[in-house]
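Protein sequences appear in the order of chains A and B.
Quick note: the first sequence, position 206, residue 206 per the working numbering, numbers continuous.
Take any residue in the second sequence, count from 1 to its spot, add 1000: that is its number in the working numbering.
One structure below.
There are 2 protein chains.
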Amino acid sequence: MFSTSALVVLTTLLTVFTPADAVWPQPQNLQTGTTPLKLSGSFDITISGSIHNAPSDLHQAVQDAKNFIKNDKLERLVVGRGSADSAAVKGAHTLSKLTLSLEKGAAVNSITSEAQKAPDLRDEAYTLTVPADGTGASITANSTLGLYRGLTTFTQLFFYHDGTTYLLNAPIQIEDSPAYPWRGLLLDTSRNFFPVGDLKRTLDAMSWNKMNQFHWHIVDSQSFPLQVPGYTELAAKGAYDSASVYSPKDVADVVSYAGARGIDVMVEVDTPGHTAVISQAHPEHIACAEATPWASFANEPPAGQLRLASPATTQFTSGLLAAVAKMFPSSLFSTGGDEINANCYTQDEETQKALNSTGQTFEQALDTFTQATHKAIRNVGKTPVVWEEMVLDHNVTLGNDTLVLVWISSDNVKAVVEKGFKLVHAASDYFYLDCGGGGWVGANPAGNSWCDPFKTWQHSYSFNPIANLTDDEAKLIMGGQHLLWAEQSGPQNLDPIVWPRAAASAELFWSNPSSGNISTAVDTALPRLHEHSYRMRQRGVNTINLQPEWCALRPGACDLTA
Amino acid sequence: MFSTSALVVLTTLLTVFTPADAVWPQPQNLQTGTTPLKLSGSFDITISGSIHNAPSDLHQAVQDAKNFIKNDKLERLVVGRGSADSAAVKGAHTLSKLTLSLEKGAAVNSITSEAQKAPDLRDEAYTLTVPADGTGASITANSTLGLYRGLTTFTQLFFYHDGTTYLLNAPIQIEDSPAYPWRGLLLDTSRNFFPVGDLKRTLDAMSWNKMNQFHWHIVDSQSFPLQVPGYTELAAKGAYDSASVYSPKDVADVVSYAGARGIDVMVEVDTPGHTAVISQAHPEHIACAEATPWASFANEPPAGQLRLASPATTQFTSGLLAAVAKMFPSSLFSTGGDEINANCYTQDEETQKALNSTGQTFEQALDTFTQATHKAIRNVGKTPVVWEEMVLDHNVTLGNDTLVLVWISSDNVKAVVEKGFKLVHAASDYFYLDCGGGGWVGANPAGNSWCDPFKTWQHSYSFNPIANLTDDEAKLIMGGQHLLWAEQSGPQNLDPIVWPRAAASAELFWSNPSSGNISTAVDTALPRLHEHSYRMRQRGVNTINLQPEWCALRPGACDLTA
Chain A
1 MFSTSALVVL TTLLTVFTPA DAVWPQPQNL QTGTTPLKLS GSFDITISGS
51 IHNAPSDLHQ AVQDAKNFIK NDKLERLVVG RGSADSAAVK GAHTLSKLTL
101 SLEKGAAVNS ITSEAQKAPD LRDEAYTLTV PADGTGASIT ANSTLGLYRG
151 LTTFTQLFFY HDGTTYLLNA PIQIEDSPAY PWRGLLLDTS RNFFPVGDLK
201 RTLDAMSWNK MNQFHWHIVD SQSFPLQVPG YTELAAKGAY DSASVYSPKD
251 VADVVSYAGA RGIDVMVEVD TPGHTAVISQ AHPEHIACAE ATPWASFANE
301 PPAGQLRLAS PATTQFTSGL LAAVAKMFPS SLFSTGGDEI NANCYTQDEE
351 TQKALNSTGQ TFEQALDTFT QATHKAIRNV GKTPVVWEEM VLDHNVTLGN
401 DTLVLVWISS DNVKAVVEKG FKLVHAASDY FYLDCGGGGW VGANPAGNSW
451 CDPFKTWQHS YSFNPIANLT DDEAKLIMGG QHLLWAEQSG PQNLDPIVWP
501 RAAASAELFW SNPSSGNIST AVDTALPRLH EHSYRMRQRG VNTINLQPEW
551 CALRPGACDL TA
Chain B
1001 MFSTSALVVL TTLLTVFTPA DAVWPQPQNL QTGTTPLKLS GSFDITISGS
1051 IHNAPSDLHQ AVQDAKNFIK NDKLERLVVG RGSADSAAVK GAHTLSKLTL
1101 SLEKGAAVNS ITSEAQKAPD LRDEAYTLTV PADGTGASIT ANSTLGLYRG
1151 LTTFTQLFFY HDGTTYLLNA PIQIEDSPAY PWRGLLLDTS RNFFPVGDLK
1201 RTLDAMSWNK MNQFHWHIVD SQSFPLQVPG YTELAAKGAY DSASVYSPKD
1251 VADVVSYAGA RGIDVMVEVD TPGHTAVISQ AHPEHIACAE ATPWASFANE
1301 PPAGQLRLAS PATTQFTSGL LAAVAKMFPS SLFSTGGDEI NANCYTQDEE
1351 TQKALNSTGQ TFEQALDTFT QATHKAIRNV GKTPVVWEEM VLDHNVTLGN
1401 DTLVLVWISS DNVKAVVEKG FKLVHAASDY FYLDCGGGGW VGANPAGNSW
1451 CDPFKTWQHS YSFNPIANLT DDEAKLIMGG QHLLWAEQSG PQNLDPIVWP
1501 RAAASAELFW SNPSSGNIST AVDTALPRLH EHSYRMRQRG VNTINLQPEW
1551 CALRPGACDL TA
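Structure representation (structure tokens):
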């Protein structure tokens, strides 16, 4: 029943999808045939000689792609698995070569440096061709980053059975590029700590989804796991323990690992709220530090915010942010700005004294503070990124290039773009991975989560990035991301809580499937998401099952309407 | 703030709990002091000479307990972790010996054989004493199963720091026994398959929670992973693949592993519904096999039910159930009986023909079928267990010793016990671990789960097992269990979806905490559950974080009221 329900109309092509079309996210333009090809035992990937001095991360990407093709060993998800293809593959032509080429005149930069450009400047487009006769396949692009995306697609064309690696649908012609320049994932490493190995595995998984922005919410009120040169006292006193720390070397390692996978790492040091832990080393800079009852001073325990009206604190914060910014090559830096608690400052004698001495209102002081911290990060070459409250709730002077993250509700998107700011979708009602798992504050027998219910992959996938926006407003949408706030997470449930759910936004913001009928889009995505999820699992990420295997093997058979 | 809020009144004793009281489930009677004791380097556990021919599983349990005490290395969850105890522990007396003894005249049976007795006959009581002067600790019981429970408690008394294993609260006097004889966990291995290693790890975790009943929902409509002697065609054609099979040897291995840990394994072969997969090998026995649209014939795909009006099918089923029953030493066998779809039988020509030929109504045929299958399992010495519909929705003759599992709603409990049946709590509104994770049927953009929301540990913990029951009705309550239906689960998320949540019902049905104020019970349980969860993690189970570590280190500080 899948063969008839899976007729998908793409924007530019009419294409029949078969279960073999397991590329995720779906390419923007894809033409496939019905000819099987076996991978030759001597299969190799060659970087065209016209790419002089190919960067080392491109060489490594080629090696990684070869390893994936060799080791994935993914049996196709049909009844009988790979054996269902044996007859078709027997006697098929072999594919022995893939060649990577850059368009004439394209600059030869590393994948890393291309990925670390500003979102608008990243060129991720590529063309991929696999002829039906087994003569060489090719990927061409305008950048090494585009070649990397093409390689990622190429590895997803293959299935395996009984010693043979094959694809089913040659000739293949793909012209692909992302609908939006930002497909991200936020991970909070403060509420609970994640070792570097977990971050790397997450970056691997992101790269297989062509996600390009890791939003590292690295510190918060609960712990300060980042060793910052010149500010090492913050981690020394604020990390959970000496093992739960990211050294500058760890950061460089993560950033480099991400870059080689086409991912930029944007760090966030949330200010002026979400900073209680700074009081461990610098009590002089924090208002209402661990004040009780916490609910009067913060949205979650412990309470504590930077004394933003204090010149000394403003200077300290500016210095800290600049020092952190220098650890990350990204063009972006998030200064946060969410959930500022007014009562904390009202009750803080020092803050009131400072406001009185200058005659500033709280909002004026926040503006002064924000201008200072943004100036500090601009001085080291970064564009500021902020949470929506900085635009919607406060009177803060922001550069018009500032990126705004909407988190409270997708209902707030229009108000932000109406003010002319570029926007990244990160709304709790669609993209929060932690919602629906129960509440975590103590002495709460009901145990509900503030952002119930659980956000299913289907719900995220059905989000419309430009709902209610004018054409001009829609141009301000940079893309979007899933987010994992880690109050109830850790290495123990990282993979199951993130994957394959986050793949939904990866495809949403690359392929823009919701431009059509949502019910159909979710329906046709499911068998592809199964294949993708099983492939990710073959590569070592603990993606969860979306259905009984009986359903995964029978595309469409478990549909409500089947 | 914890020290004042943690005054807990137990049924028989007034006890001050400190964070060191990490025993889970909470002992029924516990007296502790404030004297620290260090574990001697030569610490040993001795089985009293009065226990002649101690069974091998008791010897193994002693070895396992020694290994846990040595390897747990759990630093106490306070700010500074174990170093906070260094001063107190320095110069403490050492504890060098624990002796296990049976009460005079007690039978010396294996833990396994004690665990496999009927629930009413299991004696799990024990007494544990740790004197403050470091002279020998002791556990006494009426059975090896009681000794095993005591050993489990003993291993949870210890913390670790910097090479020293210690406890803080000698003298300790514990008189303990379970409030209910059934503390269980159901795992569905049909929707998705779980290798034996995952089952064993789950049994380990259950044993640390003093859970004693593994309810193995081993087959269902989606797959038949059980190799049954005489019926091997069912797994040969109905397992997902040849690796996703439990051989008789695997079953014996799981049963033996469970028994040595004080756990009985009750197998379930759900009938007459939930049997579509039998059609792979025996189409003649299944009505509406894989009929479409599935929603007209079953609650989930694929449709298919045993042709219960057919004498041949009844005979086949009786034979199959007896053969499966013989693989399990338990006194219990579940024949299921949930979600029988009437339309499937109405539309099935064979069933209608059979009913017409005998003049039976459907309900009469169901009665005949159930009497036959129950007779078959009684013939091999088992007591039948059924789901609630067999009592509440159908007119089936059941032996009055039949155990009934309530799953649809806890509102149905009273109706079942009013009919005089023994009952096990398994209600979806309190104990379903799969709820709230999103729906899994395809083409469903909303993606809601039928049993939303997620059942938090707090919610499960606040369940009252005897709500609205008379004293006589309450005597029919055997206990309860958490349940994992595996439509969206597999080895990838087994630990995170089950633990530490299932610990809530383990303590609920052992310690009966809900006899007091629920808000207080949840509040005082949380720090103990943290310690327990972190300890389980040290032993290799991926329990999830319930709170930011900041909260875990500061009992009470993240309470709503703190």
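C-beta: ideal position from N, C-alpha, C; glycine also.
Being a predicted model, the structure only gives us computed values, none of them experimental.
How should residue i be labelled, buried or exposed, when 16 other C-beta atoms within 10 angstroms of its C-beta is the threshold for buried?
i	result
residue 293 of chain A	exposed
residue 1179 of chain B	buried
residue 422 of chain A	buried
residue 115 of chain A	buried
residue 59 of chain A	exposed
residue 1268 of chain B	buried
residue 44 of chain A	exposed
residue 1283 of chain B	exposed
Would residue i count as contacting chain A if we go by Cβ distances under 8 Å?
i	result
residue 1083 of chain B	no
residue 1518 of chain B	yes
residue 1282 of chain B	no
residue 1522 of chain B	yes
residue 1558 of chain B	yes
residue 951 of chain B	The requested residue 951 of chain B is not part of the displayed model; chain B covers only 1001 to 1562.
residue 1041 of chain B	no
residue 1490 of chain B	yes
residue 1181 of chain B	no
residue 1339 of chain B	no
residue 1535 of chain B	no
Between residue i and chain B, is any beta-carbon pair separated by less than 8 Å?
i	result
residue 544 of chain A	yes
residue 551 of chain A	yes
residue 526 of chain A	yes
residue 454 of chain A	yes
residue 459 of chain A	yes
residue 124 of chain A	no
residue 296 of chain A	no
Is the Cβ-Cβ distance between residue i and residue j less than 8 Å?
i	j	result
residue 1307 of chain B	residue 1287 of chain B	yes
residue 1229 of chain B	residue 1189 of chain B	no
residue 1035 of chain B	residue 1132 of chain B	yes
residue 1428 of chain B	residue 1437 of chain B	no
residue 174 of chain A	residue 29 of chain A	yes
residue 1227 of chain B	residue 445 of chain A	no
residue 144 of chain A	residue 55 of chain A	yes
residue 1136 of chain B	residue 1094 of chain B	no
residue 153 of chain A	residue 27 of chain A	yes
DSSP three-state call for residue i: helix, strand or coil?
i	result
residue 249 of chain A	helix
residue 1310 of chain B	coil
residue 1532 of chain B	helix
residue 1039 of chain B	strand
residue 217 of chain A	strand
residue 183 of chain A	strand
residue 1336 of chain B	strand
residue 1141 of chain B	strand
residue 231 of chain A	coil
residue 1282 of chain B	coil
Following a CB-centred definition, is residue i positioned closer than 7 Å to any heavy atom of the ligand ADP?
i	result
residue 1201 of chain B	Only the bare structure without any ligand can be found here, which leaves the ligand ADP out of the picture.
Of all the residues that make up the region 1418-1452 of chain B, which are near chain A by a beta-carbon distance shorter than 8 Å? Result list: 1436, 1437, 1438, 1439, 1440, 1441, 1442, 1443, 1444, 1445, 1446, 1447, 1448, 1449 and 1452.
To be precise: take each residue of the region 226-240 of chain A, compare its Cβ to all Cβ atoms of chain B, and keep it if any distance is under 8 Å. Which residues remain? Those would be 240, in chain order.
Chain-ordered residues of the region 1300-1330 of chain B with a beta carbon less than 9 Å from chain A: Answer in chain order: 1300, 1301 and 1302.
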